[in-house]
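Going by the working numbering, the sequence shown opens with residue 504, and the numbers climb by one from there. Yeah, the Cβ is synthetic: ideal placement off N, Cα and C, and Gly gets one too.
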Amino acid sequence: MMASLPEENIDKFIRVLQKNHSASVELTNDQYLQIANTLEKPTPKKIMALPTQEDNEELLILELEAEALGLELELLQVA
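So this is what it looks like as C-alpha cells:
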C-alpha cells in the first residue's frame, strides 16, 4: 500500500501508525540519508555500578538503626 501526504503531516501520520497500529514505515537509503542529520542522537546511558559488599554492610547497619529507632519510639509511646 502506498500513501501520499503533505510533508508537514508525515510525522503525525507515522506516530499514529506506530502508536495505534504497531505499524512501521520503510525508507529507502536515499530517504534515510535526507533525514539522518535531523534525527536526535540518543544520549548514552549512565552505567550504574553494582553495590559492593561494603555498601551492603552499610545498608544493613542503616536498616538496623532504623529498626532500633522504631522500637525506641514504641517504648516511649507505651511509657
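Note on geometry: alpha-carbon atoms of L508 and D558 lie some 57 Å from one another. Taking C-beta atoms as the reference points, I517 and V528 count as a pair closer than 9 Å.
Here the alpha carbon of K548 sits roughly 25 Å from the alpha carbon of Q556. T546 has its alpha-carbon roughly 19 Å from the corresponding atom of A552.
In this structure, P554 sits near L562, with a CB-CB distance shorter than 9 Å.
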